[in-house]
Every structure is written in C-alpha cells, then in structure tokens.
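In full-length UniProt numbering, the protein residues as written are 1 to 417.
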C-alpha cells in the first residue's frame, strides 16, 4: 500500500516521501530518519536567516513555514486523534461506559441498601420475638417466684409450728424434770424415814434384849424378888407389847416406805420414760425444726435465685427492648440512609447523564470549532504556500536575472580584454 501511495520529493535530500491518503498537510521531509532532514533544513535556514537582504527574508519565511507545518501537523494529529468521528465516538463510548458503571454501582448500592433494610427488618423481628420470649420467661419467673414465696411462707409457718412444738416439748421436759426431782426428793425422804425406822427397830431390839436379860436375871432372882420379877415380867410384857407394836409400826412404816420407794421408783421410771420420750420428741422436734429451717433456707435460696432470675430476666427484657429499639432505630436509619443513597444514586445518575450530555455537546462544539480551525489553518497554509510559491518564483526569476547579468558582464569584460 505504501508503494502505491502518492509520494513527494523531500525538501532537503530529494528522496521520495510517501504521503497519506487522507486529507491534510503533505509531508515535506523524510519520515524514516527521526526528522534528520527537517533538522538539517532548519539548520541551513538558521545559517541563512542571518544573511542580509532577500536571502535572509526568504530563510526566515521558510522557517515560519516549517513552524506552521509543524503546528498544522500537530493540530491535524490532535484533531484526527481527538476530534475525528472515531475519536468522538471513542470519547462518547467512554462517557457512556463510565455512566453505565455509575448506574450499575448505583443499582448495586440500591440492592445492597434493600438487603440491609431486609436484614434490619429480620433482626428487628427476631429482637421482637426475643423480647416476647423474655416477657414470657419473666412471667414464668414471676410465677416461680410466687410459688417459692408461698413455699417459703409455708416453710416459715412449719418452722413456727415446730418452734411451738419444741417450746411445748421443752416445757414438758421441764415439768418431767421437776417431777423427777420431786420423785427423787420423795425417794430420799422415804429412805431417810426407812433408815430412821430401822434405827428405832434396832433400838427396840436392843431394849428387848435388855429386857430379856433382865427377865433372865429376874427369873434367877425370882425367889428373891417375885414382886420385882412379876413387875419386871409385867414391864417386859408391856415392853414386848410396845416392842411388837413398834415392830409392827416399823414393819408398816417399812412397807409404806417400800411402797413409797416403789411408787417413787415407778414415778422416777415414768419420769425417766417421759423424759426420754420428751427428749426424743424434743430431738424429733429439733430435727424437724432443722429440716424446716433447712427447707426454709432452701426456699429462701430458691426465692433469692428466683428473684435473681427474675431480675436477670427483667434485665434481659430491658436489654432486649433496648436492643429491639436500637435495631428498629438502626433499621429506620438504614432505611433512611438507603433512601438517601438511592436518591443520591439517582441524582448522581442524572448528574452523570447531564454531564455526559454536556460533555458530548461540548465535544461536538469543540469538534465544530476544530473543524473550523482546521479549515482556517488549511486556508492560511494554502495562502502561505501560495506566498511561498510566489516568493520562490520571484527568487528563481531574480536568480536567473542575476545569472544573465553576470554572464553579460563577463562577456563585456572578456570583449574589453
């Protein structure tokens, strides 16, 4: 394609320079040597621009033309890259792609906000369910607390009854102890009376022995003193009768003392049995009191635990209510934020669309202005090219005239010689 393309000779070295098929300024220098021909031509003109007269003006004019060519080439490339239909389509496609990305991001944020709102609603429903369960647990805890309170009251009543029974048992034990002491006192008194009766019986037996001895002496002295013997016999009989009466009285007293002692023993045994029974009843009452106290303490512990559980349930209910209210507030805030984000996204989409439309309009205006500037530059370049061609023609004519004049002058000099 490059071989069949149009070519023009290089303005410096004269080699053919391929031209592009599109419209635009033609290439005047070689393009395959990194601008070496253009730099060499510029250096030549730089050396010639300082020359006086028309040659310097022509060199400066050609330098201006080269600069204009560079500007036109740069402008043409820029217009071709940015303001050509392909460039405008590319920019429009980029703007549309960016707008589409923003719209997709806005839709994604909207969907995420909806999901967050749904999650918040689910969390609020779960919090309400937990709050209802906490209320039910609190009611159950309150019922348990009432049951524990009634059990504690019943245990307290049982403890009072046990205390009363214990007091009665203590009173009965005190009465039994008093009866036992009285029985022991009566027993000691009976023992002392029996001992005294035995002492008196011993004295009577001693007197009886003395009387018998006196009777034996009296019988031995009967003959000497019958009267005394008879008197002694009578006294002995009287003493015997008194002794018998004393013996009978002593036996009766002894039997009475034995009966009293037996009765005292029976009373003491009964008192001991009553004491043992009272002690057993007191021990049973004490055990029942301990059990009642343990039950009361257990009921008190259970009541405290129920109260603690009720307090914990109340705290959990309060926390659940606070969490539910916080979740509801957060859900409301998230819904409001989602609505604001959705409105912001819609507003951003509208702004992006408006900005894209403005950018497209601006690009179109710039494209029109660039086309106008390119047309003006082409017109100016054509005008400058015409002026340069006129100057080149004038220079060529001036060079031909100078050459002819020089040749005519040389011929005249030769002729004169």
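By construction, the Cβ of each residue, glycine as well, lies at the ideal position given by its N, Cα and C atoms. None of the values given here were measured: they were computed from a predicted structure.
Annotated three-state conformation of residue 8 is strand, per DSSP. Distance from the CA atom of residue 322 to the CA atom of residue 130, rounded to whole angstroms, is 12 angstroms. With respect to residue 49, residue 60 sits close: the two C-beta atoms are nearer than 7 angstroms. Less than 7 angstroms divides the Cβ of residue 45 from the Cβ of residue 62. Counting every other CB atom within 10 Å of its CB across the protein chains shown gives residue 150 a total below 16, marking it as exposed. Annotation for residue 16: the continuous beta strand (DSSP E) segment containing it runs 16 to 18. If you ignore the 5 residues before and after residue 308, its C-beta comes within less than 6 angstroms of no other C-beta in its own chain. Rounded to the nearest whole angstrom, the C-alpha separation of residue 35 and residue 87 is 27 angstroms. If you draw a straight line from the Cα of residue 217 to the Cα of residue 251, it is about 30 angstroms long. Per the C-alpha coordinates, the member of 37, 99 and 81 positioned closest to residue 357 is 99. Taking a 10 Å sphere around the C-beta of residue 28, we find 16 or more other C-beta atoms and assign the residue as buried. Note that the C-beta distance between residue 288 and residue 157 is not below 7 angstroms.
The residues 120, in chain order, have a CB closer than 7 angstroms to that of residue 330 in the same chain once the five nearest residues on each side in sequence are set aside. Between the alpha carbons of residue 33 and residue 361 lies a distance of about 41 angstroms. Residue 325 holds the alpha-carbon nearest to the alpha-carbon of residue 125 among 325, 262, 53 and 213. Rounded to whole angstroms, the separation of the alpha carbons of residue 132 and residue 301 is 28 angstroms. Distance from the CA of residue 79 to the CA of residue 72, rounded to the nearest whole angstrom, comes to 10 angstroms. The C-beta of residue 152 has 16 or more other C-beta atoms within 10 Å across all chains shown, which makes the residue buried.
No Cβ-Cβ contact shorter than 7 angstroms links residue 148 with residue 295. As for any alpha helix (DSSP H) of minimum length 4 sitting wholly inside the region 103 to 127, there is none. Counting along the chain, the unbroken alpha helix (DSSP H) around residue 66 starts and ends at 54 to 78. In terms of CA proximity to residue 335, 117 leads the group 193, 96 and 117.
For residue 45, the enclosing alpha helix (DSSP H) has its first and last residue at 36 to 49. Shown here, residue 21 sits in coil according to DSSP, grouped into three states, outside any helix or strand.
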